[in-house]
Amino acid sequence: MSDQGPRIFKREHSDMSISSFVDSDGLPHVGQVIHQDEPYCSTIDQVTNSKYIYRRKGSETVIVDYVAVDTKNKNLQKANIRFRHPRNPVIGDKFSSRHGQKGVCSQLWPDIDMPFSGITGMSPDLIINPHAFPSRMTIGMLLEILAAKGGCLHGNFVDATPFSDDTESESLVEDLGSKLRALGFNYHGTEVRATGQVDQITRQPIKGRKRGGGVRFGEMERDSLLAHGAAYLLHDRLHVCSDYHVADVCSLCGSLLTTTTIQPPKRVIREFGGLPPTKALKKVKCLACQTSKGMETVAMPYVFKYLVAELAAMNIKMTIQLNSRAAA
Amino acid sequence: MDGVSYQRFPKVKIRELKDEYAKFELRDTDASMANALRRVMIAEVPTIAIDLVEIEVNSSVLNDEFIAHRLGLIPLTSSRAMSMRFSRDCDACDGDGQCEYCSVEFHLRAKCMSDQTLDVTSKDLVSSDHTVQPVDVGGFENSDRGIIIVKLRRGQELKLRAIARKGIGKDHAKWSPAATVTFMYEPEIHINEEMMESLTLEEKQSFVDSSPTRVFDIDANTHQVVVVDREAYTYDDEVLKKAEAMGKPGLVEIYAKEDSFIFSVESTGAIKASELVLNAIEVLKHKLDAVTLSDDTVEADDQFGELGAHMRGG
Ligand SMILES: [Zn+2]
Ligand SMILES: [Zn+2]
């Protein structure tokens, strides 16, 4: 508007309300901490003498990093004020790798709650869900992870030039894999294993992501596999990866519930791993028949055993007849 | 309930003890106890670290907060820390945190006057208390160097005052005295000799090679497969899978002894590794004391009911 003149950076000497934030030149001090709604510079209209105070918007606390002014003009009309924003990672912050794998920080854990390696004591800085990889196909990121681990443990740099292969080995994967193997890691990298949480009663994977469960492989998915005749995959999903259990059955009386172990042996290390035990090391006998002669092991879903127990509670007896014809 | 006691008497056997490193066995206890010890060593054993920085001049390339953060991460000799006061409950300075009972003052002045880059290191920190100093990181090639804080070029200057205070790793990782604390179950490996003898020498070699770490080897004279280092076993199951693939399940049996642990402890240098372990036990005892109800709170029985009685060993 015509009645307004040029505005210059300045603070009235009488204006003590902002004197702790803004210097007499109307600009902030370098290193000054500015909280929400606090003033950081002021201007005065040279004609109307009206003042204007600039206040910090937004809830972030900032620090004045640098102030530069245009000295060509006698009056301070142009200034460059730069702020520093200290930002620690918080839950909900979005991060991205160089491969465009973006994701949200969903939890911050203290160091002591992170998993650790028993031998070296190494513990992860970050845990990423491997489901982020198949559909997005960022193979480069997987390779970079391998190269980074091998490189930092060997103490050398890894050539990441794309579309070139100076190595003599078959493939980059081969190269990186053998590098890790030389350091005593697993070639395929199953160093950290994760078996999911299971339900206490059924020993089946629990439902609900919130409680640490996975994505359910339900009836409709099962039907789909049946239609494809993918018997092995079906067996793997619904049995081996679910509640695979090797139960002791007495072939004399057909009971699943009267078995008991004699002298519990030392617990087998397999309990840490994922594989089911290949050979029952314990001695078992049937309490009803008072002998271990008829004991056989049968692979079955653990819920089946639970069902038998539930039925027994209602006075219904279920027996199993064993024959070896299907053994082949 | 009467007379049933679950008390155990854990044993510790020290295998290796250096100033900054300790390796020991912990036996006759369970994983909860071993893990409690690990967690306390990392997060609850107190040390001293720089906590407050007043910067007078800083014309270096790093900004004030960055330098303050770097100063905080420098390990300081903290043998005094256990007997020192936390600033928040120091009554000599009313929580001001600047008195001699709860703080140590440091000064740093550095200015680069030559054309060569000046390294400002932890050695340039001047302490007000000779027992609290930046740790000596000697032992590398240039052992006169400390931990680099910032590099200055000609004309740049750094001048500051810093206050170091007692704290624990739970509040900020800079107070953690532990570089690495880890434990593993002691493995027990049994080779089925009979089955092993049925293998050819090549099969034995491929079995030995299947382990990513060197756990097994072949005796040069007897051609027998022997366990050379059972603690190198990482519970990776590779040899078990190999045995299965060879059609010889049960060739080896590997157990984890669930009441024996092997600890490796590395200190940052703030306190000795041995002090770290002992202080952790001390801290753990204090924490247990806080839980245990004393005799004069029997009246509180109504409140705590069975739990209270149980905790007093009833
Ligand atoms: Zn029977
Ligand atoms: Zn004090």
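Quick mapping for you: the protein sequence lines, in order, are chains A and B. Quick note on my numbering: the first sequence kicks off at 1035 and runs consecutively. Quick note on my numbering: the second sequence kicks off at 150 and runs consecutively. Where a beta carbon is used, it is the ideal one built from N, C-alpha and C, also for glycine.
Next item on the list: Determine, using beta carbons only, whether ALA1228/A comes closer than 7 angstroms to chain B.
Entry: Any reading at ALA1228/A is ruled out, since the residue's pLDDT is 37, under 50, leaving its predicted position unreliable.
Checklist line | Residues sharing a beta bridge with PHE173/B, DSSP | finding: Its beta-bridge partners are ILE163/B and PHE412/B.
Next item on the list: Look at the Cβ atom of ASP177/B, then the Cβ atom of PRO159/B, and state whether they are nearer than 7 angstroms.
Entry: Yes, these two residues count as a Cβ contact at 7 angstroms.
Check: Under 7 angstroms Cβ-Cβ, which residues of chain A neighbour ASN212/B?
Finding: Here the neighbours are ASP1099 and ARG1118.
Checklist line | Distance between ILE191/B and GLY421/B (C-alpha atoms, nearest Å) | finding: Reading the sequence as shown, one finds Lys at residue 421/B and not Gly. In this model, LYS421/B and ILE191/B are separated by some 14 angstroms (Cα to Cα).
Margin query: Relative to the C-alpha of VAL210/B, which candidate in ASP1099/A, GLY1092/A and SER1048/A has its C-alpha closest?
Written below: Closest by alpha carbon: ASP1099/A.
Next item on the list: Would you decide whether GLY1134/A is buried or exposed? Buried here means 16 or more other CB atoms lie within 10 Å of its CB.
Entry: Taking all protein chains shown into account, GLY1134/A has fewer than 16 neighbouring C-beta atoms within 10 Å of its C-beta and is therefore exposed.
Notebook entry, point to check: Are PHE332/B and ALA183/B closer than 7 angstroms when you measure CB to CB?
Noted result: Yes.
Notebook entry, point to check: Taking Cβ-Cβ distances shorter than 9 angstroms, what residues in chain B pair up with SER1151/A?
Noted result: Neighbours of SER1151/A on chain B, chain order: THR331, MET333 and THR383.
Notebook entry, point to check: Does GLY1155/A get closer than 7 angstroms to chain D when you measure Cβ to Cβ?
Noted result: Looking at the structure shown, chain D is missing, and the protein chains on hand are A and B.
Check: At a CB-CB cut-off below 9 angstroms, which residues of chain B make contact with ASP1209/A?
Finding: Near ASP1209/A there are no residues of chain B at all, since even the closest Cβ is about 17 angstroms away, more than 9 angstroms.
Check: What does SER413/B reach in chain A if we use C-beta pairs closer than 7 angstroms?
Finding: At a C-beta separation below 7 angstroms, SER413/B has these neighbours in chain A: GLY1155.
Check: If you drop the 5 nearest sequence neighbours on each side, which residues of the same chain put their C-beta closer than 8 angstroms to that of LEU1345/A?
Finding: Within the same chain, LEU1345/A has close Cβ partners LYS1351 and MET1352.
Next item on the list: Verify the CB distance criterion: does ILE340/B have a CB-CB separation below 7 angstroms to chain A?
Entry: In terms of beta-carbon proximity, ILE340/B stays away from the interface with chain A, with every pair separated by 7 angstroms or more.
Margin query: Distance check for VAL1101/A and ASP385/B, CA to CA, integer angstroms please.
Written below: Looking at the two C-alpha atoms, the distance is approximately 58 angstroms.
Note to self: Would you say ARG188/B lies against chain A (beta-carbon separation less than 7 angstroms)?
What the structure shows: True, the Cβ-Cβ gap to chain A drops below 7 angstroms.
Margin query: Just to confirm the assignment, what range does the alpha helix (DSSP H) spanning HIS1133/A have?
Written below: Where HIS1133/A is concerned, there is no enclosing alpha helix (DSSP H), because DSSP gives it neither an H nor an E.
Notebook entry, point to check: chain B beta carbons: is any one of them nearer than 7 angstroms to that of ILE1146/A?
Noted result: Chain B contact via Cβ: present.
Note to self: Just to confirm the assignment, what range does the beta strand (DSSP E) spanning HIS256/B have?
What the structure shows: HIS256/B -> beta strand (DSSP E) spans 252 to 260.
Check: Does DSSP put HIS1165/A in a helix, in a strand, or in coil?
Finding: In the three-state DSSP reduction, HIS1165/A falls in the helix class (H, G or I).
Checklist line | Close-in-space but distant-in-sequence residues of the same chain around LEU222/B (CB under 6 angstroms, 5 per side omitted) | finding: These residues qualify, in order along the chain: LYS323.
Next item on the list: Could you tell me how far apart the beta carbons of GLY345/B and VAL374/B are, in whole angstroms, since I believe they sit closer than 8 angstroms?
Entry: The sequence given here has Met at residue 345/B, not Gly. In this structure, MET345/B and VAL374/B form a Cβ contact; the two beta carbons are roughly 5 angstroms apart against a cut-off of 8 angstroms.
Checklist line | Below 7 angstroms from a heavy atom of ligand 2 - residues by beta-carbon | finding: The set of residues whose C-beta lies within less than 7 angstroms of a heavy atom of ligand 2 reads, in chain order, ARG234/B, SER236/B, CYS239/B, ALA241/B, CYS242/B, ASP245/B, GLY246/B, GLN247/B, CYS248/B, TYR250/B, CYS251/B and SER252/B.
Margin query: Could you compute how far the alpha carbon of ALA369/B sits from the alpha carbon of ALA392/B?
Written below: The alpha-carbon of ALA369/B is positioned some 22 angstroms away from that of ALA392/B.
Note to self: Tell me the DSSP secondary structure of ILE1354/A in three-state form.
What the structure shows: Coil at ILE1354/A, not helix or strand.
Margin query: At the 7 angstroms Cβ level, is ILE420/B part of the contact set with chain A, yes or no?
Written below: At a cut-off of 7 angstroms between C-beta atoms, ILE420/B does not count as an interface residue with respect to chain A.
Item checked: Nonlocal neighbours in the same chain, by C-beta distance under 6 angstroms from ASN1109/A, ignoring five residues either side -> If we look at ASN1109/A and ignore the five residues flanking it on each side, its Cβ neighbours are ILE1042.
Notebook entry, point to check: Taking the Cβ atom as the reference point for each residue, do LYS272/B and GLY295/B lie within a distance shorter than 7 angstroms?
Noted result: Result yes, Cβ atoms of LYS272/B and GLY295/B sit closer than 7 angstroms.
Notebook entry, point to check: Around the C-beta of ARG1116/A, are 16 or more other C-beta atoms found within 10 angstroms, so that it is buried, or is it exposed?
Noted result: Under this definition ARG1116/A is an exposed residue.
Check: Taking buried to mean at least 16 other C-beta atoms within 10 Å of its own C-beta, is THR441/B buried or exposed?
Finding: THR441/B is exposed by the Cβ-count criterion.
Checklist line | As assigned by DSSP and simplified to three states, the class of VAL388/B | finding: DSSP places VAL388/B in helix when its eight states are reduced to three.
Checklist line | Residue interval of the alpha helix (DSSP H) (run including CYS1186/A) | finding: Following the DSSP letters along the chain, one finds CYS1186/A inside the alpha helix (DSSP H) bounded by residues 1173 to 1188.
Next item on the list: Can you tell me which of the three DSSP states LYS436/B falls into?
Entry: DSSP places LYS436/B in helix when its eight states are reduced to three.
Next item on the list: Could you pull out every residue in the same chain whose Cβ sits closer than 8 angstroms to the Cβ of GLN1267/A, ignoring the five residues on either side in sequence?
Entry: The displayed chain sequence assigns Leu, not Gln, to residue 1267/A. Here the set comprises LEU1259.
Checklist line | Coil, strand or helix - ASN184/B by DSSP | finding: In the displayed model, ASN184/B falls within a helix according to three-state DSSP.
Next item on the list: Using a Cβ-Cβ cut-off of 7 angstroms, state whether ALA180/B counts as contacting chain A.
Entry: So, not an interface residue.
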